[in-house]
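Notes follow the structure.
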Amino acid sequence: MKFFLDTADIEEIERGLEWGMVDGVTTNPSLIAKQGKPYLPTVQAIAEMVPGPVSGEVLATEYDGIMEQGHRLAGLAENVVVKVPLSPAGLRAVRDLAADGIRSNVTLCFSAAQALLAAKAGAAFISPFVGRVDDVGGSGMEIIEQIVAIYANYHFETEVLVASVRHPLHVVQASLIGAHVATIPFSTLEKLYHHPLTDVGLERFLSDWQKTGKTFDEKAG
Ligand code: E4P
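In this text, residue positions in the sequence shown follow the working numbering: the first is 6, and each later residue adds one.
Structure, rendered in structure tokens:
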């Protein structure tokens, strides 16, 4: 399963890369706005740091604007994937961007029906927002299950990129279902490492050894 980092924060990406857990990055206008930096240079800087796919979102909502911004985003670096909102204009652009050799990540997906359309349009990734579905009393993971089954039925190549991840259980559930990717906020990535028994166990191992008064590289005899 691939882990993308869901952030536009350069320091978070540096740390995630150091940990060896970042296969790609997703950004969106809200995440870039939070950094207070210019739009395209931020996407470009991230794409230069990360070897895998980096999603940069168009701000246009009409076909011509999506195409124009999509080409500009894709021109920043080879690994930039153009994030396009799910709408008739968006999916038309996804099809035409694909014909131009440009990969798209269809965003703001909240149903299996929408995901089916995105796959038919030729999206490289579909981003169903599980956390936002849960927030309104739905089950984000049920939608992931449906999309994974539908894509398998028809051998679609579109990868299921679980987005709006809020906690480690989302990541575990997404991996059990067999989603290709989870895009994870840095705070959730940190949480994935932690378990109280790991902390207690490590403390005990170290204190037991410390009680012997011996060192790590003490010679035998
Ligand atoms: C990523 O592709 C999405 O834009 C992001 O996961 C949305 O997350 P949020 O619902 O926490 O804003």
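We put the beta carbon where it would ideally sit given N, CA and C, even for glycine.
query, result
"Run through the stretch 92–159 for me and flag every whole beta strand (DSSP E) of 3 or more residues, listed as ranges in chain order.", "109–114 and 130–133"
"Below 8 Å on the Cβ atoms is my guess for Leu96 versus Ala123; work out the distance and round it to an integer in Å.", "6 Å"
"Going by beta-carbon coordinates alone, are Pro93 and Thr112 separated by less than 9 Å?", "no"
"Is DSSP giving Ser212 helix, strand or coil here?", "helix"
"Closer than 8 Å: is that where the CB of Pro190 sits relative to any heavy atom of ligand 1?", "yes"
"Would you report the Cα separation of Asn33 and Phe130, rounded to the nearest angstrom?", "15 Å"
"What is the C-beta distance between Gly75 and Asp28, in whole angstroms, given that I count them as a contact (C-beta under 8 Å)?", "Not quite, the Cβ-Cβ distance comes to about 22 Å (not below 8 Å), so this is no contact."
"Taking 6 Å as the limit, tell me which residues put their C-beta closer than that to any heavy atom of ligand 1, in chain order.", "Asp11, Thr31, Asn33, Thr112, Ser132, Phe134, Gly136, Arg137, Ala168, Ser169 and Thr188"
"State buried or exposed for Asn110, treating a residue as buried only when at least 16 other CB atoms are found within 10 Å of its CB.", "buried"
"Quick one, which of Leu121, Gln119, Gly127 and Thr193 has its alpha-carbon nearest Ile107's?", "Gly127"
"So within the stretch 154–205, which uninterrupted beta strand (DSSP E) runs reach at least 3 residues, ignoring any that extend past its ends?", "164–167 and 186–189"
"Helix, strand or coil for Gly80 per DSSP?", "coil"
"DSSP on Leu219, reduced to helix/strand/coil?", "Note that residue 219 is Lys in the sequence shown, not Leu. Correct three-state label for Lys219: coil."
"In this structure, does DSSP put Pro58 in helix, strand or coil?", "coil"
"Taking only the alpha-carbon atoms, compute the straight-line gap between Lys125 and Met26 and give it to the nearest angstrom.", "31 Å"
"May I ask you to report which of helix, strand or coil DSSP gives Thr66?", "coil"
"Under 8 Å from any heavy atom of ligand 3, does the C-beta of Cys114 make it?", "Ligand 3 is absent from the structure shown, which contains only ligand 1."
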